[in-house]
Amino acid sequence: MRITILSLLIGIFLTSCTDLDMNPLSYGSTENWYSDQSEFEMAVNGLYKSDLWVNGDYFGGYPFFDEWTDDYTRRNETWPVTNATINGQWPVLEVCWTYRYRAIAQANTIVASLDKAKDHIDQSLIEKYEAHARFVRAAQYSWLISYFGDVIFSTTVMDLDESFTMAKTPKADILKSIYGDFDYAVAHLPESYGSSEFKWATKGAALAFKARIALYNQDWKTAGDAAKACMDLGRYELYDDFGKLFLSKTKNTKEGVFVIPRSLQLGSASIDCIDVISRNASGRGWLTPSWELFCSFLCTDGLPIDESPRFNPREPFKNRDPRCTATIVEFQTPFLGYMYQPHPDSVTCYNFNSGKYQKNNDSRTINAYSSFNGLLWKKGVDEDWSDNQQADPDNLLMRYADVLLMYAEAKIELGEIDESVLRAINQVRARAYQSDVAETSSYPAVTTTDKNQLRQTVRIERRMEFAFEELRYMDLIRWKLAEKALNKNVYGMLDVADLRTRVVEPGLWFFPEIPEIDEDGVADFSGMYSKGLIKLLAERKFDASKQYVWPIPTKEILINPNLRQNTGY
Amino acid sequence: MKLTLIFFFLAVSQMMAIDTYSQSTRLSLNLKAAAVKDVLDEIEENSEFVFLYNYKLVDVDRKVTIDIREQKITEILKTLFQGTDIVYTIVDRQIVLTNKADQNSFMQLATQQAGKVIKGKVTDAHGGPIPGVSVVLKGTTSGTITDMEGNFSLNEIPPGAILQFSFVGMKSQEIVVENETTVTVVLEEETIGIEEVVAIGYGTVKKSDLTGAVGSVSGEAVTSRKTTQLSQALQGVASGVMVTRDNNAPGSTATIHIRGITTIGDSNPLIIVDGVPVNDINDVNSNDVESISILKDAASASIYGSRAAAGVILITTKRAQSNQLNMEYNFEYGLEKPTERPEYANVTRYMRMVNELRWNDLGNGPDEYPTYPKDLINNYNALYQENPDLYPNTDWNSLIFKDHATRQSHVFGLTAGSKNIRTKVSLSYDKTGALYDHRTFERITARFNNDVTINKYLSAKVDFYAKRSISKQPAISSGTIIDQGRMAAPIYAAKWSDGRVAYGKAGENIYGQLHYGGFNNDWYNQIGGKLSIDLTPLEGLKISGIISPNLNFDQNKTFTKQVPTYDWEDPTVREGYLIGFSSNALNEARNNNHQVTTQFLTNYEKAIGLSHLNILAGYENYYAFYETMGASSNQLALSSYPYLDLKNSNFIDASGSAYENAYRSYFGRIMYNFDNKYYLQGNIRYDASSRFDKNYRWGSFPSFSAGWVVTEEPFMKDVANLSFLKIRASWGILGNERIGNYPYQSSLAFSNALIYLDSDIVSALTAAQTAYAIRDITWEQTESYDLGFDAGLFHNKLRLTWDYYRKTTKDMLLPLEIPDYIGLGNPDQNAGKMKTNGWEADLTWNDQFGDVRFSASFNISDFKSVMGDLGGTEFIGDQIKIKGSEFNEWYGYKSAGLFQTDEEVNTLPRLNPSVRPGDIRYQDISGPDGVPDGNISPEYDRVLLGGSLPRYMYGINLNMNYKNFDFSMFLQGVGKQNSRLTIPMVQPYYGQWRNMPMLLEGKYWSKYNSEAQNLNAEYPRFSTVSLNNNYTMSDYWLIKGGYFRLKNITLGYTIPDQFMQSLGIQSCRIFSSISDLFSMNHYPKGWDPESSATGYPITSSFIFGVSLKF
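Sequence lines, in order, name chains A and B.
At position 415 of the first sequence (counting the first as 1) the number is 414 in numbering that gives the first Met the number 0, and the numbers step up by one without a gap.
At position 931 of the second sequence (counting the first as 1) the number is 930 in numbering that gives the first Met the number 0, and the numbers step up by one without a gap.
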């Protein structure tokens, strides 16, 4: 009996040994990954995840880089970039840095793993995967050197110990490697994809991104050549309707050179619309276009507002480049089902859905929190934004209009001004007027061949074309315009009582005066402010002694003795 | 009277009880020509001895002269009654006096009383007879006491009678007598003082035999704290146990650290319940706890080597004894009120302060009313009276928070023990409400502990437990509710005057979110049990096989509802949706996991002469498996059906994952003691964990300890007032491996990317490495030394335990910062060293003054951890771990007051060009070249600012009994701590719209102040632009965070037995208990030193309860 029980106990003991060699159950293991085609395909897919590109989940969706420019007004608020408080602890900067390097590490891992796979994967596939990895790596390093200047650079999988002592690589050296990667990508990426293939990056995308980083580094020749090569592919064309190009329902157009799609149904990061849309449409209307942006749109005669006889400050939307009303909601037009009118006396407005007049929450008389400067974004915004306050337009990271304008800018700077340069600018401008580039009478075609004039023209063209598209910040930086534009204060409408007595009653609505626009397209409102006709919303400050590059994230400096903070921080 | 007679009968039997008290107590007497009676009184007064005698038989008026120094009682009595016929019997502290002549007659008298006779024997747990046990027929005064062999006999016992057995130093017991004529009763030792038996790893030992540092806590000490969760009840009860909590939300728990934090990552102690590891100490109901042992040093804990680095808590649950039969019911009802409520500005003050802030940020220009016009502010109250919808003045605090929350608790217990089967059943139900609506916590627990004795060789324990807890919350986090409920600005409307929900601050309306936003409910279900078969093939040898499964089935359902709001005067005009509530969304999650522990133990105990040997050898296997499943759907059409059958098929998502881990261990222990004087103990455990690679998997963890009971030495016998002294020393190594599950192989995370396929958007599967793999990662080891002593003074009335320890953790598993440019997350790695020094002391005083029984205890502990060469750094928000720093030391700028003038701002180093007078000034410590560079930067000017952990933690416990009243008071505190005034406490206009803390009023730097006022300003100026400058981590915001707290007061009254017994109730106690009534601290008004800045507050509890025993 005792023996039986003893054996029973030992039996429990013997059968209760668990095998300790355990592998992840619901994860892959790098032990045996990168062995076949499908695993490489999944790894390449990973390079195109939206969070590795600028619009990550972290940022809430809307184009935030523009908030650090003179294109945006967010009530009284300023950002570390626009109030000169930026340092290496700014979380946004840390996130940007981390995500860029995450993408680079993934790309480097793919390149390194391809060696192992040489025996059992077709050479053409190996080249294809390497081309994708190098395209992504180059695009990400382009971003890093643009914002941070000299950065840590590696094209191999980093060793942990070694990483703690790495020093910055000069921007110029990194640029060479970027060119090399883009060239490899150009040589090995397809021009387009079949109907059963994922639309990863194309040859055209590699050319366009190469052009952009070259342009950012004043390497006009490379920029011009790459942009030209992209144009010569003949794969891209401008979408007919500028106003509709940015809507959620306009997807996958021929203008898109490199696009990360969004889809609410597939649960991707969506644009959080509430801050942008009007109060009547259940939004907050606090993230608004700035008056500076509004004033930068040329008149239909091609002249700036302070020079054009067609500009009327009482009807500021009239006779403007069509991109003005495609970007900013024109007063007294339907917007998201309501007649938009911020006028303090417009206490009711027409509701197109109910067919009745109702309280006008977009007038600060009714709702003190509606747009502080009377303006609202229109570019890309439609009913889709207001029904669930979420929208999923394509993230147009590179579009053909940019290729054309980069080409023009490069050629202008090179002094190689020819018909192709004017045509590139005019193609973009004509599309805005929905006319053919050849019909120069139907739009204010650019005809001058003066280098300085053309330089200003293409810069203003970029501002009109790309507002809301996260390009303005780097344009301000590379044109060294930030120290002027970002040291101007933010203005808006007077509070309702003062607005009535000082602006509305004297008949000065909307702009009491015409602001002066300087040769760089920067508007000056200080005259109106000193007369008490407009309100100071916030003070902007930009420290030109250091802010042309961002600081390196503090944490990186603290753990690596060989890493020195950028000058001035 | 009858009883008195029977005591004489006892004396006749002439037994000599072996008794520690009478052996250890020494008395001095010096009386001249005193009556014997007076001598006896003198002895009673100076000791715990009580004399029983019949003055007719003992001549107590006889005059004697006595002069005795430091003699045992036997010597004194011998001297006192020399030459008389008086004989005496000592039974513990009772001394019975009688004369030889009367022995026989009394014996006859006792046996003559015929009737139904019950005979029996009373033994101790080891089977030894106990003489002198009082046996009384319940409800009467008739009874007897046991003889030398522990036998007794009672006559005239009616069927169904209850016999009560009591003996000093033993737990009283009752049995019901039906038809049987013989009974056997086993009395358990009462666990008081150093004779207490404490649980150690895989066994028990008398406290006096311990060689390691083991803290013990009785179940009563835990239940008296009246917390729902066991972890919270441990705060301050034992030295070296740091229990921290930051809220008292329904169902909230506390964090426990033993002897500081010696490891990073998971530094929760290992919790063992009845010998089996469990995940969470809170899985055990406080009412089921018999006792808790805290294994603090390596020698005690290393038998659990692998996971013991952070200490071990052993919980023993209550079990039934033989011949026990009773039923208990406890009921408690209570109220919870927050200890503190911070104050915020009223609506007009708010507007003025916002104006000041904006005015500051706009350069202090001519317009001093940039946000709220002057007229509006001046007329606001009138405007509000006129139209509260257009001019709201919302008292968010009273709208969201109730004055108090309620709680109730029911505990039912049943204990039934026969000779062979002993069962303890407990069932409990708790329900706690919250300080705001729609939140409750409910818990039901059940435990059935069964002991079965099959025969002399074989016995078994079969335990089963189940727990279900349900947490219901609104669909917003408690942090948001508390934070916004306190801080939402009064200028925003919560609801319109007709009762409809308002838009608040552009959709930020905590009132609307709370009441209309849906729910977030959790259900946690746990069942488990333990089967243990014990075999005793020969005397002293015990072989046990144990299997214990634990299964958890958890479920969550979060239903977020669409909450549109409409205009105050036109309900057809939609203003928008409350933030986060723009569509109906349902999220369901299921987490299932199970753990199985199997153990095989062999224990051999043998006494050879004065040597006593105890050998343990064991094997343990542990396997755990976790699986999660989730499904969700968004944009549901209906807001009243929280089920996925009503999903929106276009917006649906599903997820699932799983992981597993396992351990295998072999261990052994030898305990040797010579003559209860010299103790030696050695442990070793050999452990393998699935978390490490095959080649780095096994770790061995040895320990040794020794103890010397100095008072057993002959030369110590004459030391006055020192009853007991033991010196202990130990050394050992402990391990830790609680990091991610597969750290040595880097895992690929699967995800999805959206990509065009032709003109469709598809979700393509992606794979990417997310963490760096460290192939040779292995055990973290903590080496620890402990030196301590236990002392008993004044007949053990005063007991003192003191320990000093040093711990060195090496190969610490630490997620050190790796450069972000490596592109992967921080992996756990075997980093450097950390050293911890600490000490702890426990002091207890037990005494009795007449009817008042009294005990007081005090415990205090302190430790300091310093990081050695880590090979890196870890940043944790405002804190850091770096070589030379304390564990999680504050890290930030050194402040130098506030900037006062433009000149100072322009000439002194500053953080950025936007800094203005009224902002905090910092010291320029260094620069990129290692010298001050005239610039303040986060890279070169931040320094260590002092440790963040509490120092000198203490607890004071007072207990008093007077007749039927019992009283206890518990005080607890932290002597010293650097605490940070957090941003929500001190930052005005938090989140760019919240209210202004009134603790700033009159104390902040302002353009409206005089220069002198500004020189004395405590807080910086109001500014949004300077937020980063002013509220970043610096010593400006550190305060003395120590506190002293009245933790609990309980007053109980036991209703006299006679009264209750007529109602069929054996005993009834009513009590009232107050917890966290008040504290003393340096925190600003409105803030509790323990509460987090935005979380659920700490509350005071007011409880009334009743305990019934049948």
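Yeah, the Cβ is synthetic: ideal placement off N, Cα and C, and Gly gets one too.
A buried status is given to B:GLN512, since no fewer than 16 other beta-carbon atoms sit within 10 Å of its beta-carbon.
Apart from sequence neighbours up to five positions away, the residues of its chain that approach B:ARG1068 with a beta-carbon distance below 6 Å are GLY1051, THR1053, SER1106, ordered along the chain.
Three or more beta-carbon pairs drawn from the stretch 538-557 of chain A and the stretch 933-944 of chain B are found closer than 8 Å, and the two stretches are therefore classed as touching.
By the CB criterion at 8 Å, B:SER722 and B:ASN795 fall inside the cutoff. In the structure shown, A:GLU314 falls within a coil segment according to DSSP collapsed to helix, strand and coil.
Ranking B:THR710, B:SER165, B:LYS962 by CA distance to the CA of B:ASP850 puts B:LYS962 first.
Contact between B:ASP533 and B:SER547 does not hold, since their C-beta atoms are separated by about 14 Å, which reaches or exceeds 8 Å. Of all residues in the stretch 163-187 of chain A, only PHE163, MET165 come within less than 9 Å of chain B when Cβ atoms are compared, listed by chain position. For the pair of segments examined, the stretch 209-226 of chain A was found not to touch the stretch 386-395 of chain A: the number of CB pairs separated by less than 8 Å stays below three. For B:ILE72, the enclosing alpha helix (DSSP H) stretches over residues 72-79. DSSP assignment within the stretch 555-596 of chain B yields the following whole beta strand (DSSP E) runs of 3 residues or more, N-terminal first: 563-565, 573-576.
According to DSSP, residue pairing for B:HIS256 in a beta bridge involves B:MET241.
If you look at A:ILE259, you'll find it in the beta strand (DSSP E) that goes 255-259. Counting along the chain, the unbroken alpha helix (DSSP H) around A:ILE177 starts and ends at 170-187. Neighbourhood of A:MET492 in chain B, by CB distance below 8 Å: empty, with the nearest CB roughly 13 Å away.
Among the residues facing chain B, A:THR97 is included, as its CB has a counterpart in that chain under 8 Å away. Taken in chain order, the whole alpha helix (DSSP H) runs of length 4 or more contained in the stretch 921-991 of chain B are 982-985.
Straight across, the Cα-Cα distance linking B:TYR618 with B:LEU540 is about 17 Å. The C-alpha of A:ASP320 is placed about 47 Å away from the C-alpha of B:TYR515. In summary, the residues of the stretch 652-677 of chain B whose CB is separated from some CB of chain A by less than 9 Å are ASP652, GLY655, SER656, ALA657, TYR658, GLU659, ASN660, ALA661, TYR662, ARG663, in the order they occur in the chain. Within the same chain, and ignoring the five residues on either side of A:LYS127 in sequence, the residues whose Cβ sits closer than 7 Å to its Cβ are HIS187. Spatial neighbours of B:SER1066 in its own chain (CB-CB distance under 7 Å, excluding positions within 5 residues in sequence) are listed in chain order as THR1053, ASP1056, MET1059, LYS1108.
Assigned with DSSP and collapsed to three states, A:ILE144 falls in helix. In summary, the residues of the stretch 680-704 of chain B whose CB is separated from some CB of chain A by less than 8 Å are ALA687, SER688, SER689, LYS693, ARG696, in the order they occur in the chain.
For the stretch 141-162 of chain A, the set of residues with a beta-carbon nearer than 7 Å to any beta-carbon of chain B comprises ILE151, MET157, LEU159, SER162, in chain order.
For B:PHE330, the three-state secondary structure derived from DSSP is strand. Within the same chain, Cβ atoms closer than 6 Å to the Cβ of B:GLU507 are found at ILE578, the five residues on either side in sequence being excluded. Here B:VAL134 really is in contact with B:LEU162; their C-beta atoms are around 6 Å apart, less than 8 Å. When 8 Å is used as the limit between beta carbons, B:GLU41 is near no residue of chain A, the shortest such separation being about 59 Å. CA-CA distance, A:GLU504 to A:VAL521, rounds to 29 Å.
At a beta-carbon threshold of 8 Å, the residues of chain B lying near A:MET21 are GLU659, ASN660, ALA661, SER689, ASN740, TYR741, ordered along the chain. When secondary structure is reduced to three states using DSSP, B:TYR349 falls in the helix class. Ranking B:TYR491, B:ARG467, B:PHE749 by CA distance to the CA of B:LYS430 puts B:ARG467 first.
In the structure shown, the three-state DSSP call for A:TYR337 is strand. In the three-state reduction of the DSSP assignment, B:GLY544 falls in the strand class. If you draw a straight line from the Cα of A:TRP89 to the Cα of B:PHE874, it comes to about 15 Å.
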